[in-house]
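Engineer:
In mature numbering (1 follows the signal peptide of the UniProt record, and there is no 0), the protein residues as written are -24 to -1, 1 to 297.
In structure tokens, the structure reads:
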């Protein structure tokens, strides 16, 4: 117990240092006066959702990532198709968690209506997902406002592809103000969550990717046939608990037992390979780096002040058709 407490204190100290470099437009404890129970309501709803379906932790973290990388952290990923948003982002990629976010939003609205943005709900829910599934927590600043538009055509130039090499990944992250250290730390989210065979089969056929462990690849070929199995759902982590956020991902990368080219490519560069090894060896250090990168990501191109709006429902703009 004493060791665990010390690790928690170390993590929070390291993350506190990162907070001072986060977007100056966001504030820690942002809702302390306008809605003092906001973060508690979000945390309680998130904990309940994940307790009922353990796969939802990864889904909420992934929604946050996709939101921030396209148009900034403005909840654009949540907007439904409408006359004002005929081709929203959510039509492009089959993500999970939209109903969960609506449930969290309803819990917050019951405490203080029209105060907490959907963009902040995504940020806090992702933070709390790490707490539930990874056993660590960190401070997340708030003050984001919700955007007024969503366009799936913005996705290709912004979201990293699972087929990218390390140089392209670094460029894509760098365009968002994130370092290679952040890239490697955030990749640890592939320690949990799910994917479809269609994203993996390019490494399996016509021949097995030489960078993949042979036994691991043979097992994947059995569940992902060359034809007709693209929609089969796989756990990202097929080695240990697939619903736990941990540094197991880095051990899997070293063992060449990961799904995507974008995972294994981290070992192709001396700098990122060293980071992978460091994160594999030091779980508490990885937690701090992951937390810091999540906070930095949460500051990408945010709307604040009078920009955007506070949506009453996360799937639709206020007063929009």
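Virtual Cβ for every residue (Gly too), placed ideally from N, Cα, C. In this text the structure is predicted, and so the values were computed from the model without any measurement.
Out of 189, 238, 117, 201, which has the shortest C-alpha to C-alpha gap to residue 214?
Structural biologist: Counting from one through the chain shown, the residue named residue 214 turns up at place 238. Comparing Cα positions, the closest option is 189.
Engineer: Which term fits residue 136, buried or exposed, when burial requires 16 or more other beta carbons within 10 angstroms of its beta carbon?
Structural biologist: Along the chain shown, read from residue 1 onward, the residue named residue 136 stands at position 160. Buried, because 16 or more other Cβ atoms sit within 10 Å of the Cβ of residue 136.
Engineer: Starting from residue 248, follow the alpha helix (DSSP H) in both directions and report where the run begins and ends.
Structural biologist: Taking the chain shown and counting its residues from 1, the one referred to as residue 248 is at position 272. Taken as a continuous stretch (DSSP letters only), the alpha helix (DSSP H) holding residue 248 covers 246 to 257.
Engineer: Rounded to the nearest angstrom, how far is the Cβ of residue 126 from that of residue 55, given a contact under 8 Å?
Structural biologist: In the chain shown, residue 126 corresponds to position 150, counting from 1. In the chain shown, residue 55 corresponds to position 79, counting from 1. 4 Å between Cβ atoms; contact.
Engineer: Quick check: what's the CA-CA separation for residue 298 versus residue 87?
Structural biologist: What is shown of the chain runs -24 to 297, which leaves residue 298 out entirely.
Engineer: Can you name the start and end residues of the alpha helix (DSSP H) that residue 209 belongs to?
Structural biologist: Residue mapping note: residue 209 aligns to position 233 of the chain shown, counting from 1. Residue 209 -> not in any alpha helix (DSSP H); beta strand (DSSP E) instead, spanning 209 to 211.
Engineer: Specify the secondary structure class of residue 274 as computed by DSSP and reduced to three states.
Structural biologist: In the chain shown, counting from the first residue as 1, residue 274 sits at position 298. Of the three classes helix, strand and coil, the one that applies to residue 274 here is coil, per DSSP.
Engineer: Mark residue 48 as exposed unless 16 or more other C-beta atoms lie within 10 angstroms of its C-beta, in which case mark it buried.
Structural biologist: As a first step, residue 48 must be located in the chain shown, where it is residue number 72. Buried, since its Cβ has 16 or more Cβ neighbours within 10 Å.
Engineer: Label residue 35 either buried or exposed according to how many other C-beta atoms from any shown protein chain fall within 10 Å of its C-beta, with 16 as the threshold for buried.
Structural biologist: Sequence index remark: in the chain shown, residue 35 carries index 59 (1-based). It is buried - the Cβ of residue 35 has at least 16 other Cβ atoms within 10 Å.
Engineer: Got a sec? Which residues, its chain only, sit under 8 Å from residue 90 by beta carbon, not counting five neighbours each side?
Structural biologist: Counted from its first residue, the chain shown places residue 90 at position 114. So the qualifying residues of the chain are 286, 288.
Engineer: Around the C-beta of residue 69, are 16 or more other C-beta atoms found within 10 angstroms, so that it is buried, or is it exposed?
Structural biologist: Counting from 1 along the chain shown, the entry for residue 69 is found at position 93. Burial call: exposed.
Engineer: Which class does residue 118 belong to by DSSP, given the choice of helix, strand or coil?
Structural biologist: Taking the chain shown and counting its residues from 1, one reaches residue 118 at position 142. In the structure shown, residue 118 sits in a strand (DSSP, three-state: E or B).
Engineer: Under 8 Å, do residue 161 and residue 37 count as touching if we go by C-beta distance?
Structural biologist: Counted from its first residue, the chain shown places residue 161 at position 185. Counted from its first residue, the chain shown places residue 37 at position 61. Cβ atoms of residue 161 and residue 37: not closer than 8 Å.
Engineer: What three-state label does DSSP hand residue 41 in the structure shown?
Structural biologist: Stepping through the chain shown from its first residue, residue 41 is reached at position 65. Helix at residue 41.
Engineer: With a threshold of 8 Å, are at least 3 pairs of Cβ atoms found where one atom belongs to the segment 139 to 149 and the other to the segment 63 to 78?
Structural biologist: No: fewer than three Cβ pairs fall under 8 Å.
Engineer: Out of 24, 155, 52, 30, which one is the CA nearest neighbour of residue 248?
Structural biologist: Walking along the chain shown from the start, residue 248 turns up at place 272. Nearest option by C-alpha distance: 155.
Engineer: Residue 204 to residue 275, Cα distance in whole Å?
Structural biologist: Taking the first residue of the chain shown as 1, we reach residue 204 at position 228. Taking the first residue of the chain shown as 1, we reach residue 275 at position 299. Each residue's Cα considered, the two are about 41 Å apart.
Engineer: Quick one: give me the first and last residue of the beta strand (DSSP E) that residue 170 is part of.
Structural biologist: Walking along the chain shown from the start, residue 170 turns up at place 194. 170 to 172 is the extent of the beta strand (DSSP E) around residue 170.
Engineer: Determine the DSSP secondary structure at residue 3, reduced to helix, strand or coil.
Structural biologist: Your numbering for residue 3 matches position 27 in the chain shown. Residue 3: strand per DSSP, three-state reduction.
Engineer: Looking only at its chain, what residues have a beta carbon closer than 6 Å to the beta carbon of residue 83, apart from the 5 residues adjacent to it on each side?
Structural biologist: The residue labelled residue 83 in the question sits at position 107 within the chain shown. 17, 21.
Engineer: So what's residue 289 in DSSP terms, helix, strand or just coil?
Structural biologist: Position 313 of the chain shown, counted from the start, is the residue given in the question as residue 289. Reduced to three states, the DSSP call for residue 289 is strand.
Engineer: With DSSP as the reference, label residue 148 as helix, strand or coil.
Structural biologist: Working through the chain shown from its first residue, we reach residue 148 at position 172. Residue 148: helix per DSSP, three-state reduction.
Engineer: Measure the alpha-carbon distance for residue 147 versus residue 256 and round it to whole angstroms.
Structural biologist: Translated into the one-based positions of the chain shown, residue 147 becomes position 171. Translated into the one-based positions of the chain shown, residue 256 becomes position 280. Roughly 24 Å separates the two Cα atoms.
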